[in-house]
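In the UniProt record's numbering, the protein residues as written are 1 to 156.
Working notes for the structure below.
Now the structure itself:
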């Protein structure tokens, strides 16, 4: 007895929606990653408005926030941004944002790696007394020449 040939249309009925879903998820993830890297997104929350303002006035104004504040490697960046984003959303939802936001050790390590990645020509600098570039260069990413007491997000 001869077997009936498989219906190739049946395979596409299941494969095509899966491929379409994969494309939609990939494009959505790419748009989300790009959007959440921008200073406009980061500074959209009241708690980050001062950081966004001072970033805009800094020598690094042309960089996206996460060029410094997230890992460069995409496989490390996705879970890092997810964890930090959930933490930020939780702090905002529970109104537990500190008055002065300091980076955690993991964020400091990521920022340091990005400083070294972009400024590799200056990595010959001896850093015996300090651990991070920002220990000496705190003014570079977020502090304009105005004293903190005279700065306001309203200056934008």
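Idealized CB from N, CA, C, for every residue including glycine.
Counting other Cβ atoms within 10 Å of its Cβ, residue 102 stays below 16 and is therefore classed as exposed.
C-alpha of residue 47 to C-alpha of residue 84: approximately 14 angstroms in a straight line. Residue 37 is positioned such that its CB atom lies closer than 9 angstroms to that of residue 65. DSSP, reduced to helix, strand and coil, places residue 18 within a helical segment of the structure shown. Residue 96 carries a coil assignment under DSSP once its states are collapsed to helix, strand and coil. Residue ranges of uninterrupted alpha helix (DSSP H) with 4 or more members, entirely inside the segment 3 to 85 and ordered along the chain, are 8 to 37, 39 to 42, 49 to 56, 65 to 69. Taking C-beta atoms as the reference points, residue 70 and residue 81 count as a pair closer than 9 angstroms.
The criterion of a C-beta distance shorter than 9 angstroms is not satisfied by residue 121 and residue 72. Just measuring C-alpha positions, the residue of 118, 105, 117 sitting nearest residue 135 is 105. The Cβ atoms of residue 40 and residue 52 lie closer than 9 angstroms to each other.
For residue 141, the secondary structure class from DSSP, reduced to helix, strand or coil, is helix. Counting of Cβ neighbours within 10 angstroms places residue 43 among the buried residues, the total reaching 16 or more.
By alpha-carbon distance to residue 119, the top candidate from 93, 60, 94, 107 is 60. Measuring C-alpha to C-alpha distances from residue 100 to each of 12, 28, 49, 14 identifies 49 as the nearest. Looking from the CA of residue 33, the closest CA among 21, 74, 111, 86 belongs to 74.
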